[in-house]
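> Below is a structure I'd like to ask you about.
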Amino acid sequence: MFGTLFQSSDVVSTSFGVATVATLATAVLALLGLSWVADRWRVPVALSGVALLASGLHYLDAAQIWFSTQQMTSAPRYVGWFVVQPIQVASVFFLARIAGPVPVGVFWRTVAAAILMVLCRYLGDAGIFNPTLGVLLSIAFWLYILGELYFGPMSEAVRKSSRPIRLGYFWIRLILTIGWAIYPILFFVDVVIGAGHARSVIVLYTLADLVNLITVSMIVLAAAGKERF
Amino acid sequence: MFGTLFQSSDVVSTSFGVATVATLATAVLALLGLSWVADRWRVPVALSGVALLASGLHYLDAAQIWFSTQQMTSAPRYVGWFVVQPIQVASVFFLARIAGPVPVGVFWRTVAAAILMVLCRYLGDAGIFNPTLGVLLSIAFWLYILGELYFGPMSEAVRKSSRPIRLGYFWIRLILTIGWAIYPILFFVDVVIGAGHARSVIVLYTLADLVNLITVSMIVLAAAGKERF
Amino acid sequence: MFGTLFQSSDVVSTSFGVATVATLATAVLALLGLSWVADRWRVPVALSGVALLASGLHYLDAAQIWFSTQQMTSAPRYVGWFVVQPIQVASVFFLARIAGPVPVGVFWRTVAAAILMVLCRYLGDAGIFNPTLGVLLSIAFWLYILGELYFGPMSEAVRKSSRPIRLGYFWIRLILTIGWAIYPILFFVDVVIGAGHARSVIVLYTLADLVNLITVSMIVLAAAGKERF
Amino acid sequence: MFGTLFQSSDVVSTSFGVATVATLATAVLALLGLSWVADRWRVPVALSGVALLASGLHYLDAAQIWFSTQQMTSAPRYVGWFVVQPIQVASVFFLARIAGPVPVGVFWRTVAAAILMVLCRYLGDAGIFNPTLGVLLSIAFWLYILGELYFGPMSEAVRKSSRPIRLGYFWIRLILTIGWAIYPILFFVDVVIGAGHARSVIVLYTLADLVNLITVSMIVLAAAGKERF
Amino acid sequence: MFGTLFQSSDVVSTSFGVATVATLATAVLALLGLSWVADRWRVPVALSGVALLASGLHYLDAAQIWFSTQQMTSAPRYVGWFVVQPIQVASVFFLARIAGPVPVGVFWRTVAAAILMVLCRYLGDAGIFNPTLGVLLSIAFWLYILGELYFGPMSEAVRKSSRPIRLGYFWIRLILTIGWAIYPILFFVDVVIGAGHARSVIVLYTLADLVNLITVSMIVLAAAGKERF
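Take a look at the structure:
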């Protein structure tokens with residue numbers, strides 16, 4: 752895939768390599784999972800698998816850029832986030848929909864908020880907006896999604912449902928709260944303070960992506976499996 | 752996939768990257784959807800998924816051209832349109848066929864009109880026709896398809912059917928009316944006025960493609976899902 | 752896939768691009784179709800899908816050769832024909848077998864004739880045979896296949912069967928009669944007369960391949976679908 | 752895939768191109784076949800499909816080497832044989848297992864013999880062994896496999912079974928007897944006599960591989976199909 | 752895939768080629784196996800197939816590095832191990848879970864131990880830790896996993912279960928005991944003693960990976976098959 756020699760001491764290269772293979776492998780696992788989960792679990796499992804696949808494609812690209820140039824900008828990351836983060840939010844909506852009826856408006860509002868959350872960060876990064884304004888608006892949209900997750904109709908539908916759904920929803924919400932907090936923090940360090948896309952920022956972003964994406968997908972898959980086996 | 756470094760401020764590169772990952776990801780989603788929709792929904796869902804896949808292949812190619820040369824012509828877009836737009840028209844026909852019997856002649860007429868619509872635009876762009884004549888003929892074929900969609904037997908079959916089909920048909924017809932209007936408009940700017948394939952034209956074409964393709968597919972998938980869940 | 756910039760006025764490049772995307776897209780469609788056709792239709796549908804896939808791989812290769820060298824010989828076309836044309840003949844046999852019992856000897860005879868038909872043309876083109884002798888022998892094998900299709904046991908089995916099979920068989924036989932006639936004609940122009948593999952020959956071969964392959968596959972798929980929906 | 756222009760008169764290039772497309776196309780066909788054969792036929796069909804797929808990957812590689820360097824050694828062939836020939840022997844075992852109980856020890860012995868058969872040839876070719884000794888040992892292991900096929904418990908289990916299995920087993924055994932005889936013969940010409948990996952040796956190896964692999968897989972698939980349709 | 756000419760006497764190149772084709776072929780086999788194993792066997796079979804697939808991607812990359820540079824470091828191996836070894840441990844857990852209830856805590860502890868086992872080896876190799884300390888810690892985590900396998904609740908659940916599960920568990924545990932012992936041994940030779948990533952180390956690592964991965968997956972698949980056929 753990359754065809755470039757690197758040393759173990761080159762932590763960034765190793766982390767990009769691991770991220771590519773790990774996201775693609777778990778994407779395959781989630782898509783295979785589709786064949787054994789119950790019918791009503793298929794939509795959230797498929798969405799979380801597609802999010803992993805899109806992220807895997809993005810890391811394949813990011814790793815190739817890094818291996819051939821030993822440089823990285825934040826631009827390829829936005830290619831991933833624009834697709835992955837709205838899909839992840841949609842996957843939580845469909846998880847909650849299994850538990851009980853949730854108005855379809857919630858879906859449109861949260862997915863739109865996720866797209867706007869990435870867009871504001873992107874416009875700030877691209878210099879079209881003021882970066883600080885961009886990240887603050889982005890945080891606002893993120894808080895809106897969290898508000899829907901904690902106090903909206905999804906939360907209510909889940910509360911009355913079976914234990915696997917309740918547990919899965921609880922953990923995914925936690926990851927969207929704590930795990931996603933690293934994105935605005937790193938944005939501040941990278942763009943607002945101006946540290947640039949340094950090696951430590953790259954590794955932290957990659958680790959955050961890996962943990963957030965893989966755990967969310969595996970939680971959805973595990974919750975779906977618990978109902979069956 | 753592309754292996755080329757670019758900055759966030761490079762909006763064209765970002766939009767090509769997002770278009771590639773987004774179309775491929777939603778193509779996978781639509782094809783996965785085939786395994787959970789009802790039998791009679793399979794043909795329109797498969798067609799909209801294949802349209803997305805063809806578009807994803809085309810954007811993969813367009814993005815690679817852009818990343819390696821920082822230039823773009825309209826030629827690769829026709830490679831996509833020749834395949835995608837007839838498939839999309841066919842997918843609407845099969846959506847209407849679920850609602851009730853539609854004469855098979857409508858299928859041949861609308862698909863032929865879609866191929867001719869792209870062909871006339873292409874011949875104008877390639878300088879084989881007069882560009883203005885090409886785009887006017889193209890608009891005529893587009894209006895013919897719209898006529899079939901609004902007043903033809905498809906519209907009648909849908910009118911008496913279930914709500915998800917009616918709603919899905921309504922929204923897709925709207926996208927084929929408003930969303931497809933951008934193609935002749937941009938053709939005028941690009942070829943007839945002669946602004947060339949400028950950066951803003953590229954981004955607008957890409958956004959139009961993304962919104963038109965992804966929403967049509969997701970509407971078909973959602974309509975198919977509503978009957979089931 | 753190709754990563755090479757070209758203009759709309761470059762008709763050969765556009766036709767290779769369209770051929771690649773169109774064959775791969777319809778191959779996916781035919782293979783997806785396998786999941787919804789009735790059991791006894793699976794073999795002909797699978798064969799026509801695999802023929803499209805092999806043709807798509809061949810066009811991917813032919814297009815890459817063209818985009819990087821702006822030249823083409825007939826050699827890559829034989830790579831496609833050696834695989835595609837015997838598979839298409841086999842697909843017609845299995846279509847007829849749905850209608851009623853056809854002796855298995857017909858299968859071996861027609862597939863062998865299809866391989867020999869391509870082989871004779873190839874040996875003539877490669878200069879191992881006299882080209883005129885090669886194409887005449889090739890025509891003889893083609894006429895043998897047509898004889899089997901019009902007067903052999905396949906034709907008889909089909910005559911007594913359901914309308915979709917009769918119609919499908921009729922159209923495919925017509926394409927194998929009229930559509931395949933272009934191959935010896937272009938061979939005469941290209942090799943015997945010695946016009947070489949000119950641009951117009953390339954575009955005509957590509958259009959013939961596209962129409963022949965895609966219509967045959969779609970007819971098989973449509974006939975299979977008519978029995979079901 | 753290869754992106755290199757070649758002439759029809761270049762028989763080696765054409766044969767590599769045909770081998771790649773033909774093995775990949777029949778691999779897809781065999782894997783699709785999995786969805787319509789009866790349950791107990793799935794293991795031999797899957798194994799023969801995977802053998803074709805591994806061979807296809809190997810030919811894709813061999814063809815790329817040939818197209819870019821116009822040279823070939825026997826080394827890439829061993830990459831294919833190490834994987835393909837043990838899988839083919841395993842596929843015959845599972846074919847016989849459908850007919851009746853065969854002790855699992857036969858499986859381990861024949862697969863080990865197939866690996867050793869390739870290994871001895873490889874060690875002779877690589878100069879680690881005396882080449883003549885290598886090929887003689889390789890022939891010994893091949894004769895052992897044939898012994899198992901003609902006089903072992905597999906043969907006995909098949910004798911009492913249905914006609915499709917008996918016929919399939921008969922033909923595959925014949926191919927493993929006659930078709931596989933070409934490998935030690937060509938090894939003698941290539942390594943022991945020292946003719947080198949000449950053009951005619953390459954074409955003969957490729958034709959042998961094509962006929963052996965594709966017919967074995969198609970026989971397994973046909974035998975599986977005859978029980979069903 | 753690699754497109755590089757090499758001689759049979761080049762054992763490293765041949766071993767990388769064989770490793771790539773063999774892991775990808777058996778990965779396809781394991782994933783196909785999913786369609787015929789019983790429902791409750793799907794998770795361990797899928798996990799062992801995904802481990803093979805991840806390993807195949809890693810070898811594709813390692814082989815390309817080797818073919819283009821004729822050099823290898825241990826870094827690309829860690830890319831494989833970070834993904835493959837935790838997945839293999841998870842696959843053993845789910846195998847034991849079929850036999851009877853195993854507390855989910857065992858899963859988290861053994862998977863975490865597998866990740867830490869690779870991480871300690873990696874940190875030692877990268878020079879962030881003292882290499883000797885790294886490998887000793889790695890051995891400690893490996894012994895912990897073995898302890899769970901021999902004396903933990905998994906072992907107990909398996910003891911009371913059917914023969915295929917007992918046999919499969921026994922063999923996989925043996926491979927994780929003997930086969931995995933080669934990793935710290937080679938680490939000592941490679942890093943602590945400082946022999947470097949020599950040709951013999953590369954071939955031994957590759958053979959160990961091949962045998963460990965393929966046998967574990969085939970054992971899981973065979974155990975799953977024995978319950979069915």
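Chain order of the listed sequences is A, B, C, D and E.
Just so we're aligned: 941 in the working numbering is position 190 of the first sequence, and the numbers increase by one with no gaps anywhere.
Just so we're aligned: 753 in the working numbering is position 2 of the second sequence, and the numbers increase by one with no gaps anywhere.
Just so we're aligned: 885 in the working numbering is position 134 of the third sequence, and the numbers increase by one with no gaps anywhere.
Just so we're aligned: 763 in the working numbering is position 12 of the fourth sequence, and the numbers increase by one with no gaps anywhere.
Just so we're aligned: 954 in the working numbering is position 203 of the fifth sequence, and the numbers increase by one with no gaps anywhere.
The beta carbon of each residue, even a glycine, is placed where N, CA and C say it ideally should be.
All values derive from a computational prediction rather than experimental measurement.
1. Are there 16 or more other CB atoms within 10 angstroms of the CB of Tyr810/E, so buried, or fewer, so exposed?
2. For Glu984/C, count neighbouring Cβ atoms within 10 angstroms of its own Cβ and tell me buried if that reaches 16, exposed if not.
3. Anything in chain A within Cβ reach of Arg1034/E, meaning under 9 Å, just list it in chain order.
4. List the residues of chain A that Gly878/E touches, going by C-beta distances under 7 Å, in chain order.
5. Just to confirm my understanding: we take Leu804/B, look at its own chain, exclude 5 residues before and 5 after, and list those with CB closer than 7 Å. What are they?
6. In this structure, does DSSP put Phe939/E in helix, strand or coil?
7. Taking C-beta pairs closer than 9 Å, name the residues in chain A that Trp787/B reaches, listed in chain order.
8. Whole-angstrom Cβ separation of Gln836/D and Ala865/D, contact assumed at under 8 Å?
9. Buried or exposed: Tyr984/A, going by 16 or more other Cβ atoms within 10 Å of its Cβ?
10. Hey, is Leu808/E's beta-carbon within less than 7 Å of any beta-carbon in chain D?
11. Would the beta-carbon of Phe845/D fall within 7 Å of that of Pro915/D?
12. Pairs of beta-carbons, one from the stretch 930-949 of chain A and one from the stretch 755-762 of chain A, closer than 8 Å: are there three or more?
13. Could you tell me the distance, in whole angstroms, from the CA atom of Gly912/A to the CA atom of Ala850/A?
14. Going by alpha carbons, who is nearest to Gly919/E out of Tyr873/E, Leu870/E, Ala973/E and Pro827/E?
15. Pro854/B: which of Met868/B, Leu887/B, Leu798/B and Met905/B sits nearest, CA to CA?
16. Buried or exposed: which applies to Leu887/E, given that a residue is buried once 16 or more other Cβ atoms fall within 10 Å of its Cβ?
17. Would the beta-carbon of Ala841/D fall within 7 Å of that of Leu798/D?
18. On the three-state DSSP scale, how would you describe Trp787/B?
19. For Met752/E, collect the residues of the same chain with a Cβ closer than 8 Å to its Cβ; drop the 5 residues on either side in sequence, then sort them by chain order.
20. For Phe921/B and Ile890/B, what's the separation of their Cα atoms in angstroms?
21. How many angstroms separate the CA atom of Leu775/A from the CA atom of Trp859/B?
22. Using three-state DSSP, classify Ser760/D as helix, strand or coil.
23. Suppose you measure from the CA of Val857/B to the CA of Ala908/B; what does that come to, to the nearest Å?
24. Can Arg791/B and Leu785/B be called in contact, C-beta distance under 7 Å?
25. What's the C-alpha gap between Leu874/E and Leu937/A?
26. Kindly indicate which residue of Val843/C, Gln822/C and Val788/C has the alpha-carbon position closest to the one of Leu897/C.
27. Out of Val834/A, Ala789/A, Tyr829/A and Phe939/A, which one is the CA nearest neighbour of Gln758/B?
28. For a minimum of 4 consecutive residues, which ranges assigned as the alpha helix (DSSP H) are wholly contained in the stretch 793-854 of chain D?
29. Taking Trp832/D as the reference, which of Ile970/D, Gly976/D and Leu961/D has the closest Cα?
30. Starting from Trp922/A, trace the alpha helix (DSSP H) in both directions and tell me its first and last residue.
31. Can you give me the Cβ contacts of Thr741/A inside the same chain, cut-off strictly under 7 Å, excluding the 5 residues immediately before and after it?
32. Using 7 Å as the threshold, is the C-beta distance between Val943/D and Pro882/D below it?
33. Which value, in whole angstroms, describes the spacing of the CA atoms of Ser766/E and Ile970/C?
34. Let me know if Ala781/A comes out buried or exposed under the rule of 16 or more other beta-carbons within 10 Å of its beta-carbon.
With the structure as the only source:
1. buried
2. Chain C is shown from 752 up to 980; residue 984/C falls before or after that span and cannot be answered.
3. Here chain E comprises residues numbered 752 to 980, so residue 1034/E is not present and cannot be evaluated.
4. Chain A residues near Gly878/E: Ser760.
5. Ala778
6. helix
7. Leu785, Asp790, Arg793, Val794 and Ala797
8. 5 Å
9. Residue 984/A falls outside the range modelled here, since chain A spans only 752 to 980, and no answer is possible.
10. It does not; no Cβ of chain D falls within 7 Å.
11. no
12. No contact exists between the stretch 930-949 of chain A and the stretch 755-762 of chain A.
13. Here the sequence assigns Ser to residue 912/A, which means Gly is not the residue at that position. Computed Cα separation, rounded: 5 Å.
14. Ala973/E
15. Between Pro854/B and the set Met868/B, Leu887/B, Leu798/B and Met905/B, the nearest pair of CA atoms involves Met905/B.
16. exposed
17. yes
18. coil
19. Thr771, Leu811, Ala814 and Gln815
20. 21 Å
21. 41 Å
22. coil
23. 12 Å
24. Contact: no.
25. 25 Å
26. Val843/C
27. Checked all of Val834/A, Ala789/A, Tyr829/A and Phe939/A; the closest Cα to Gln758/B is Tyr829/A.
28. 793-820 and 826-850
29. Leu961/D
30. Arg914 to Ile929
31. Since the first residue of chain A shown is 752 and the last is 980, residue 741/A is not available in this structure.
32. yes
33. 47 Å
34. buried
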